[in-house]
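Only one structure is covered here, and it is reproduced in the block below.
Rendered as structure tokens:
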């Protein structure tokens, strides 16, 4: 079994409902160890005029290998209606594999840890709810340290408890 940290985001349709569904769906691929609070953030990059995102993170203990887990996450995005047409465009659901058991790898389909996670407060704030001492597998910087460095401007806690078991 391996520990995986997954970031969730949505800004189209009914994001709160979509994220609740996504947590349940991802949990089918292992043991759900934790769900962060729910955060509201402005879109980063992409086309102008997008609505705010709702973001969260979860900790999953899974038997799936990294590529199999990524494939499962992409399948869930597709089931939710996501279409990959434009980079950083508004989306019904975004599921990113951030850290997988401290594994470091770079490839055309999967890079671990997620290459931009420690630069994004909207990823780090939810991760800090789960494990502020989680370390970047290459730099050793903790999630808490990365969040302090990036700052929390624009990342607003919407609800601490939004998931039944969080």
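Residue numbers (the numbering used here): 1 to 166. Think of the CB as a built atom: it goes at the ideal place given N, C-alpha and C, for glycine as much as any other residue.
- Residue 91 sits buried, since 16 or more C-beta atoms from the chains shown fall within 10 Å of its C-beta.
- Residue 18 counts as buried, since no fewer than 16 other beta carbons sit within 10 angstroms of its beta carbon.
- Ranking 54, 142, 2 and 44 by CA distance to the CA of residue 156 puts 54 first.
- Pairing residue 42 with residue 75, the inter-Cα distance amounts to about 26 Å.
- About 21 Å separates the beta carbon of residue 118 from that of residue 109, a gap too long to meet the 8 Å contact definition.
- Its chain contains no residue whose beta carbon lies nearer than 6 Å to that of residue 48 once the 5 sequence neighbours on both sides are disregarded.
- Between residue 58 and residue 149, the alpha-carbon positions lie close to 22 Å from each other.
- When DSSP states are grouped into helix, strand and coil, residue 134 belongs to the coil group.
- With a contact defined as Cβ atoms closer than 8 Å, residue 69 and residue 32 miss out at about 14 Å.
- Contact between residue 121 and residue 152 holds, since their C-beta atoms are separated by about 5 Å, short of 8 Å.
- For residue 32, the uninterrupted beta strand (DSSP E) run begins and ends at 31–35, by DSSP.
- Secondary structure of residue 150 (DSSP, three-state): helix.
- Pairing residue 77 with residue 25, the inter-Cα distance amounts to about 10 Å.
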